[in-house]
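The structure under discussion appears below in the form of structure tokens.
Number of protein chains: 2
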Amino acid sequence: MVIDGKKIADKILNELKNEVAKIKNPPYLAAVLVGDNTGSRRFLELKKRAAESIGIECRIYEFPEKVSNGELRKKLNQIVKATTCAGMIIELPLPAHLNTQVILNAVPEEKDPDVLSQKAQGTFFAGRSLRQAQDKLAILPPSVETAKQIFEEYEIEPKGKTAAVFGYGLLVGKPVSHWLTGQGAAVTVINEFTESPAELSKKVDIIISGVGKPDLIKPDMIKEGAIVIDFGFAGTEKGIAGDVDFEEVSKKASLITPVPGGTGPIVVAAVLKNFVKLIQNA
Amino acid sequence: MVIDGKKIADKILNELKNEVAKIKNPPYLAAVLVGDNTGSRRFLELKKRAAESIGIECRIYEFPEKVSNGELRKKLNQIVKATTCAGMIIELPLPAHLNTQVILNAVPEEKDPDVLSQKAQGTFFAGRSLRQAQDKLAILPPSVETAKQIFEEYEIEPKGKTAAVFGYGLLVGKPVSHWLTGQGAAVTVINEFTESPAELSKKVDIIISGVGKPDLIKPDMIKEGAIVIDFGFAGTEKGIAGDVDFEEVSKKASLITPVPGGTGPIVVAAVLKNFVKLIQNA
Chain A
1318 MVIDGKKIAD KILNELKNEV AKIKNPPYLA AVLVGDNTGS RRFLELKKRA
1368 AESIGIECRI YEFPEKVSNG ELRKKLNQIV KATTCAGMII ELPLPAHLNT
1418 QVILNAVPEE KDPDVLSQKA QGTFFAGRSL RQAQDKLAIL PPSVETAKQI
1468 FEEYEIEPKG KTAAVFGYGL LVGKPVSHWL TGQGAAVTVI NEFTESPAEL
1518 SKKVDIIISG VGKPDLIKPD MIKEGAIVID FGFAGTEKGI AGDVDFEEVS
1568 KKASLITPVP GGTGPIVVAA VLKNFVKLIQ NA
Chain B
1318 MVIDGKKIAD KILNELKNEV AKIKNPPYLA AVLVGDNTGS RRFLELKKRA
1368 AESIGIECRI YEFPEKVSNG ELRKKLNQIV KATTCAGMII ELPLPAHLNT
1418 QVILNAVPEE KDPDVLSQKA QGTFFAGRSL RQAQDKLAIL PPSVETAKQI
1468 FEEYEIEPKG KTAAVFGYGL LVGKPVSHWL TGQGAAVTVI NEFTESPAEL
1518 SKKVDIIISG VGKPDLIKPD MIKEGAIVID FGFAGTEKGI AGDVDFEEVS
1568 KKASLITPVP GGTGPIVVAA VLKNFVKLIQ NA
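Here the protein sequences line up with chains A and B, keeping their order. To get the numbering used here, take the position in the first sequence, counting from 1, and add 1317. To get the numbering used here, take the position in the second sequence, counting from 1, and add 1317.
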């Protein structure tokens, strides 16, 4: 079965629209774009459009490719401290000369719907955001929320299952592998140095990929009936592609996300879900 | 080969002794014991003795089993803020009625040699403590430093290797699996819900265990020639035991830590190494 990410996302956005309608003068979301990456700009436009669809203003702040760490940090500190700004997202990747984590740390935890500042990562990895649902910072990294939404929609229980996570990046591999392990799955993280990835991945129940390499996951690398969730994203000649060879792998998987239209729209909705939660709990 | 943890620990402690000798009036380490757990008391005594052996005073603060979260947090805040106190360690486990992470968060990151506060965990999981060796908070969780010391001593390169980590606790499984993955190993975390742990563990190059269940790891669960590092610790009728059936597994492993005398002394030395680094960089 092919997962309809758009449908899951629309359900979340509809609920959020109702929540936002209850908030008098909702504060805005600041979105930061550095340099001129076409993919980043497009993603940000999608987030802006989704925000507006639920009644949230999204203000985009653009900076030139060559901005320095110090200058950017200073500007972001100013932008984020406005009392009418309830959250800030910084579109990744940043130009190579910038220190990504230092820049992300400009976002205070209570205004960090992406859960990417060091403090927010600490809250997540310490397991507090999972344990204390009443906690105002009980939000999950958007990729994790996306996996969770898919598992809930299709009644998948990760506990006791085996899983392989391809990649260990900041946005997908690291948070998703941590969360899945905490849910009781036996998780194997596979990276570029792994000698025989297929040996490991073809035995597991759940495959999660967040690498950004088209056709990385081939049908001989998965088990018959596996669940395949693709967070990969890359521009190719034929358009946008995920990590999974969808045409072939989808014949073997029991459940699979397409790209586009799979995890992408849910991730956007998850960011907004976090943003609304931060407003509600401010 | 059986790893001599005492020897590795003594080497670290000797280096630290020289470092401490250069510090005028070295500040002290505060060590917190809550309740009357014999194992915890014994561990703390070992840490105190090791601290004293390198010229560091270790002051033990004891609290009754029934102390409340609020009361304990308040007292710890007072203790840790003394300018002559350069670090605080809180012996785990805490009594069940206490919120462990909230108590651990009493320790500010710059005085946290155990790397257990939420902020210190964030620094570690964000990868900053690994990337920036010049950073004053570039310290590793003691279990990670222990694995690193063993790998260095025996010239083991984790990159490209496969590993299984038993358990996903705060002290061992979570930090060690994160670190090993960052080093380029393909790491599988096995937990209590994993259906066929042996199926997974008998294929890997490196086994790390931090569960606290004697004889959990049997010889049929490991590959011939595997490296086995045991952080498990439990009191049994026959004395202190690790997670590994040492007598049998040691016949099959290429390298293995005994319990006691394996990881334990290195962990203690690693805490003090962190403490001295925090003093030097304060």
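Glycine included, each C-beta is placed from N, C-alpha and C at the ideal position. Remember, it's a predicted structure, so these values are computed and weren't measured experimentally.
Taking every protein chain shown into account, the CB of A/GLN1395 has fewer than 16 other CB atoms within 10 angstroms, so this residue is exposed.
When rounded, the separation of the alpha-carbon atoms in A/SER1567 and A/VAL1545 is 9 Å. Taking a 10 Å sphere around the C-beta of B/ASN1598, we find fewer than 16 other C-beta atoms and assign the residue as exposed. Closest in C-alpha terms to B/LEU1411, from the list B/PRO1475, B/SER1518, B/TYR1345 and B/VAL1384, comes B/VAL1384. The shortest CA-to-CA distance from B/ASP1532 to any of B/VAL1521, B/GLU1565 and B/VAL1504 is the one to B/GLU1565. Along the length of the region 1416–1474 of chain B, whole alpha helix (DSSP H) runs at least 4 residues long occupy 1417–1421, 1435–1442, 1445–1448 and 1459–1470, reported in chain order. Taking a contact to require three or more Cβ pairs closer than 8 Å, the region 1490–1505 of chain B and the region 1493–1506 of chain A qualify as touching.
Inclusion of B/GLY1581 and B/GLY1527 in the CB contact set at 8 Å is not warranted, their separation being larger than that value.
Those residues of the region 1527–1542 of chain B placed with their C-beta closer than 9 Å to a C-beta in chain A do not exist. DSSP places A/VAL1504 in the strand class (E or B) of the three-state scheme. Residue contact check for A/LYS1436 against chain B: a CB pair falls below 8 Å. Counting only runs that start and end inside the region 1503–1571 of chain B, the alpha helix (DSSP H) elements of at least 4 residues fall at 1514–1518 and 1563–1566. Those residues of the region 1464–1481 of chain A placed with their C-beta closer than 7 Å to a C-beta in chain B are LYS1476 and GLY1477, ordered along the chain. Under the three-state reduction of DSSP, B/LEU1350 is assigned to strand.
Of all residues in the region 1507–1527 of chain B, only ILE1507, ASN1508, PHE1510, THR1511, GLU1512 and LEU1517 place a beta-carbon less than 7 Å from a beta-carbon of chain A. Taking C-beta atoms as the reference points, B/ALA1480 and B/LEU1457 fail to come closer than 8 Å.
The C-alpha of B/GLY1484 is placed about 41 Å away from the C-alpha of A/VAL1351.
The beta carbon of B/PHE1442 sits closer than 8 Å to some beta carbon of chain A. Secondary-structure assignment with DSSP links A/GLY1578 through no beta bridge to anything. CA-CA distance, A/ALA1367 to B/SER1460, rounds to 44 Å. In this model, A/PRO1577 and A/ILE1371 are separated by some 22 Å (Cα to Cα). Look at the beta carbons and you see the region 1425–1441 of chain A not touching the region 1372–1383 of chain A: under three pairs across the two are nearer than 8 Å. Distance between B/ILE1524 and A/LYS1365, taken at the CA atoms: about 47 Å. Excluding its 5 nearest sequence neighbours in each direction, A/ALA1586 has C-beta neighbours in its own chain below 6 Å: ALA1326, ILE1329 and LEU1330, listed in chain order. Contact annotation: A/GLU1374 and A/LEU1595 have beta-carbon atoms that are not nearer than 8 Å. The region 1537–1551 of chain A and the region 1511–1523 of chain A touch, with three or more beta-carbon pairs separated by less than 8 Å.
Rounded to the nearest whole angstrom, the C-alpha separation of B/ILE1583 and A/LYS1324 is 53 Å.
For B/GLU1379, there is no enclosing alpha helix (DSSP H); the enclosing beta strand (DSSP E) has its first and last residue at 1375–1380.
Within 10 angstroms of the beta-carbon of A/SER1494 lie 16 or more other beta-carbons, which makes it buried. DSSP lists A/THR1505 and A/ILE1524 as the bridge partner or partners of A/ALA1481. Going by DSSP, B/ALA1338 is part of the alpha helix (DSSP H) stretching over 1322–1338. Counting every other CB atom within 10 Å of its CB across the protein chains shown gives A/GLU1462 a total of 16 or more, marking it as buried.
Boundaries for B/ALA1413: no alpha helix (DSSP H) harbours it, and the DSSP string shows neither H nor E there. According to the DSSP assignment, B/ILE1371 belongs to no alpha helix (DSSP H), since it is labelled neither H nor E. Burial of B/ASP1431 is indicated by the presence of at least 16 other C-beta atoms within 10 angstroms of its C-beta.
For A/ALA1551, not one C-beta of chain B is nearer than 8 Å to its own C-beta.
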